[in-house]
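Residue numbers (the working numbering): 337 to 724. For each residue, glycine too, the CB sits at the ideal point set by N, CA and C. Remember, predicted model here, so these are calculated numbers, not experimental data. Okay, structure first, notes after.
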Amino acid sequence: MQVFKTFMKVTKKKLHISMIYIIIFVSICVAMTLTSSSTNEFTDSKLDISITDLDNSEASRALADYIARSNKIVKLGEGKDKALDALYYRRADIILTINEGYSEKLEKGDTEGLFSDYRIPGSYSAELFDSQLNQYISMVTACTAGGSSLEEACEKAAELSTTEIEVETVSFGKNINADYDDDIAAFFQYLSYILIVTLIAGLCPTLLIMMSRDIRNRTNCSCITVTSQMSQIVLGTVIFVVGLYLLLMGVAAVLFRDMLFNEKGLLAMLNGFVFLIFSMMLTLLIAVIAPSTNVINMIAIVISLGMSFLCGVFVPQSLLSGVVLNIGKFLPAYWYVRANNMLAGSNGEIFSSKEFMLCIGIELAFSVVLFCVTLIAAKTKQSSKSIS
337 MQVFKTFMKV
347 TKKKLHISMI
357 YIIIFVSICV
367 AMTLTSSSTN
377 EFTDSKLDIS
387 ITDLDNSEAS
397 RALADYIARS
407 NKIVKLGEGK
417 DKALDALYYR
427 RADIILTINE
437 GYSEKLEKGD
447 TEGLFSDYRI
457 PGSYSAELFD
467 SQLNQYISMV
477 TACTAGGSSL
487 EEACEKAAEL
497 STTEIEVETV
507 SFGKNINADY
517 DDDIAAFFQY
527 LSYILIVTLI
537 AGLCPTLLIM
547 MSRDIRNRTN
557 CSCITVTSQM
567 SQIVLGTVIF
577 VVGLYLLLMG
587 VAAVLFRDML
597 FNEKGLLAML
607 NGFVFLIFSM
617 MLTLLIAVIA
627 PSTNVINMIA
637 IVISLGMSFL
647 CGVFVPQSLL
657 SGVVLNIGKF
667 LPAYWYVRAN
677 NMLAGSNGEI
687 FSSKEFMLCI
697 GIELAFSVVL
707 FCVTLIAAKT
717 KQSSKSIS
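Dropping the structure here:
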């Protein structure tokens with residue numbers, strides 16, 4: 337197993353290249369997962385409101401109490417300059433003045449000139465406060481129009497404002513598939529990129545060294561047969577590839593333990609493993625035809641990024657033009673991403689076991705074609721060297 341040991345020693349020296357990509361990928365996945373889990377719950381916003389009550393009536397005090405229930409009341413000094421300073425330094429969001437005659441106008445159903453205020457025009461806080469204030473005034477005027485006194489109307493408005501309504505939040509902008517949510521879908525989608533770039537950049541240099549003329553000539557002088565040499569190189573390659581996949585699946589198991597081992601999670605792992613086979617075949621082909629190790633990183637970046645942008649890894653397939661999608665169909669990453677979209681129910685894809693297996697089959701077909709091309713390229717290269 338001397339060739340195998342040499343293969344592993346060379347791989348160990350080149351392992352840092354793969355680890356850089358893996359660490360970056362895992363860091364991004366962890367950050368995305370933490371960000372997603374921290375933004376799923378709704379929290380009400382409380383504004384800093386300053387109130388000046390010039391009317392000083394039961395109705396105006398009832399309004400002040402209503403505002404205080406859902407906002408924080410702050411006290412500021414008197415005068416326009418202090419009010420503007422408070423807005424500028426964000427010590428207050430709205431500076432409200434309840435004008436004199438508020439209760440009389442409201443009792444008559446007149447809603448003009450009830451208030452004056454200082455605010456930042458067009459701000460979120462201004463729009464939110466207007467919504468709260470208009471809701472209260474509408475409820476009071478509706479009650480007075482129905483025959484209630486102003487005091488009764490203010491009480492009913494305050495009572496209605498505290499009524500809790502059960503609300504179910506439904507998101508139409510993102511995947512709400514409990515078995516295979518956006519986070520795990522993103523993990524497996526970007527997995528196609530990381531598999532290609534990691535295998536090419538991390539494995540190709542080792543294969544080029546092991547298949548170089550000097551190494552092969554020295555090995556041929558030994559008692560090791562050519563079949564044994566190739567078997568040990570293949571064994572080392574398989575261990576590297578499978579080890580990489582198991583490492584990434586281990587990360588997925590930590591991040592998405594509840595979704596990885598259900599039906600869709602297992603299908604996603606199958607999809608990823610089939611794409612791993614293609615990535616390995618692509619790596620072997622590049623190792624055969626690449627002129628030197630100096631261009632490996634450039635080849636890895638060009639192929640991985642080009643395939644990712646054309647096939648919908650970085651940009652959703654639904655946003656790509658028809659021309660780009662037609663080009664992408666000639667690349668296996670397109671079918672990998674489409675299968676992943678079926679599992680997630682995103683980009684207009686609906687899961688169908690027949691269509692999913694079709695995508696898997698096309699990925700395998702690409703792998704078989706690459707394997708045949710690699711054999712032809714290797715024999716051609718060997719023949720040309722023998723002649724020279």
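query: Where ASP429 falls, given that 16 or more other Cβ within 10 Å makes a residue buried; result: buried
query: Cβ neighbour criterion (16 or more within 10 Å) applied to LEU582; result: exposed
query: Residue from VAL673, PHE576, LEU602 whose Cα sits closest to the Cα of ALA588; result: LEU602
query: Whole-angstrom distance between LEU612 and THR710, CA atom to CA atom; result: 16 Å
query: VAL705 burial status per 10 Å Cβ neighbour count (16 or more: buried); result: exposed
query: Cβ shell of MET678 (< 6 Å), same chain only, five flanking positions each side left out; result: GLU685, PHE687, PHE692
query: Where TYR672 falls: helix, strand or coil (DSSP); result: helix
query: CB of LEU423 within 8 Å of CB of TYR460, strictly; result: no
query: Cα-Cα separation between MET605 and ALA623, rounded to whole angstroms; result: 26 Å
query: ILE434 - DSSP class collapsed to helix/strand/coil; result: strand
query: Outcome for ASP299 when other beta-carbon atoms lying within 10 angstroms are tallied against a minimum of 16; result: With the chain running from 337 to 724 in the structure shown, residue 299 is simply not present.
query: Residue burial classification, VAL339 (beta-carbon count within 10 angstroms, cutoff 16); result: buried
query: Beta strand (DSSP E) segment containing THR388, residue limits; result: 384–389
query: DSSP-derived helix/strand/coil call for TYR424; result: helix
query: Where ASP429 falls: helix, strand or coil (DSSP); result: coil
query: Sequence-distant residues of the same chain with beta carbon closer than 8 Å to GLU491, five excluded per side; result: ALA398
query: Option nearest SER689 by Cα separation, candidates GLY437, ASN607, LEU641; result: ASN607
query: Where PHE687 sits in the DSSP three-state scheme; result: coil
query: Strand pairing of TYR454, partner residues [DSSP]; result: ILE431
query: C-beta atoms of THR542 and THR369 nearer than 8 Å; result: no
query: For LYS418, three-class secondary structure by DSSP; result: helix
query: Contact the region 523–536 vs the region 645–660: 3+ CB pairs below 8 Å; result: yes
query: Any C-beta of chain D under 8 Å from that of ILE356; result: Note that chain D does not occur in the displayed structure, where there is just one protein chain.
query: Start-to-end residues for the alpha helix (DSSP H) that takes in GLY449; result: Taken as a continuous stretch (DSSP letters only), GLY449 belongs to no alpha helix (DSSP H), as it is neither H nor E.
query: Touching by the beta-carbon criterion (3+ pairs, under 8 Å), the region 530–541 and the region 629–637; result: yes
query: Same chain, Cβ closer than 7 Å to THR480, five either side skipped, listed in chain order; result: GLU443, GLY445, LEU486, ALA489
query: 6 Å Cβ shell around SER640 - same chain, five flanking residues per side excluded; result: TYR529, ILE532, VAL533
query: Beta carbon of ASP391 nearer than 8 Å to that of GLU436; result: yes
query: Spatially closest choice to LYS382 from LEU464, HIS352, MET566, VAL362, by CA coordinates; result: LEU464
query: With 16 other Cβ atoms within 10 Å as the buried cut-off, status of TYR472; result: buried
query: Distance between beta carbons of ILE434 and ASP384, contact taken as under 8 Å; result: Contact flag wrong, Cβ pair sits at about 17 Å.
query: Per-residue DSSP class, three states only, for LYS441; result: helix
query: Proximity to THR447 [Cα-Cα], best of ILE560, MET475, SER657; result: MET475
query: DSSP state of LYS408 mapped onto helix, strand, coil; result: strand
query: Selection from GLY586, SER615, LEU621, ARG426 that minimises the alpha carbon distance to CYS708; result: LEU621
query: Whole-Å CB distance - LEU412 paired with ALA419, under 8 Å assumed; result: 6 Å
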